[in-house]
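Plus 22 on top of the position in the sequence shown (first one is 1) and you've got my numbering. Beneath this line is the structure, given in structure tokens, with notes to follow.
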Amino acid sequence: MIRSLVLVLMVALSPMVVAAEPADDGGLRHGFRAVKGDRELRTMKVALSKTFCVAMRRQTGPEERRHNLRDYISPAYLKKHNLEQGDLPMEIVPVLGIHNIQLADDGKTVLCIVNTQQNKDKHAIVLRMTEVDGRLYIDPVSPPNAQTGKFTPWMLHVKV
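Given below as structure tokens:
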């Protein structure tokens with residue numbers, strides 16, 4: 023499924039190169055590489071946010087499957103909080119539809135307006151992007167909760 027999404031993005035975002043690469047666990051690693059042009063880089067950040075929202079929708083089941091979202095999270099964050107292996111204790115939002123995604127003027131903050139319940143509830147999710155070794159990632163702001171061990175990938179999540 024990710025392969026087909028990557029192919030759609032390749033066509034939609036031409037002439038930028040988006041390529042899926044094999045991941046260590048046999049799946050596909052997202053192919054959002056940072057590009058040189060400002061316009062293209064902004065587009066890639068919006069595309070990464072959109073695919074992350076779609077990936078959250080697919081991972082609303084058991085927490086054991088959330089490790090599939092690890093490729094979207096900054097490796098520096100994962101390493102700092104010892105989340106590189108095993109289950110990924112991450113809170114997610116059951117995204118059912120995406121209304122709008124906008125990149126802020128700072129170039130690192132993305133606002134996602136999404137539906138969470140059959141077109142009834144709209145939520146705003148604010149993500150922060152970072153570049154690590156030429157790849158784009160979501161960079162969570164807060165450390166994992168001391169009591170639950172879960173972290174939130176967003177800077178802000180509110181019902182609108």
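Backbone N, C-alpha and C define an ideal beta-carbon position, used for all residues, glycine too.
Buried or exposed for residue i, going by 16 or more other Cβ atoms inside 10 Å?
| i | result |
| --- | --- |
| serine 164 | exposed |
| valine 182 | exposed |
| lysine 101 | exposed |
| threonine 73 | buried |
| proline 116 | exposed |
| valine 136 | buried |
| aspartate 128 | exposed |
| aspartate 60 | exposed |
Using three-state DSSP, classify residue i as helix, strand or coil.
| i | result |
| --- | --- |
| alanine 77 | helix |
| lysine 181 | strand |
Are the Cβ atoms of residue i and residue j separated by less than 8 Å?
| i | j | result |
| --- | --- | --- |
| leucine 158 | methionine 66 | yes |
| serine 96 | threonine 152 | yes |
| leucine 91 | leucine 110 | yes |
| histidine 145 | histidine 179 | yes |
| isoleucine 114 | glutamine 81 | yes |
| methionine 78 | phenylalanine 173 | no |
| tyrosine 94 | isoleucine 147 | no |
Pop quiz: residue i and residue j are said to be a contact at Cβ under 8 Å. What is the actual Cβ separation, rounded to whole angstroms?
| i | j | result |
| --- | --- | --- |
| valine 154 | alanine 69 | Valine 154 to alanine 69, Cβ: 17 Å. No contact. |
| glutamine 139 | leucine 118 | 7 Å |
Length at least 3, wholly inside the region 124-168: the beta strand (DSSP E) runs in chain order: Whole beta strand (DSSP E) segments, 3+ residues: 131-139, 143-154, 157-160.
Entirely enclosed alpha helix (DSSP H) segments - the region 84-123, minimum 4 residues: Counting only runs of 4 or more, we get 97-102.
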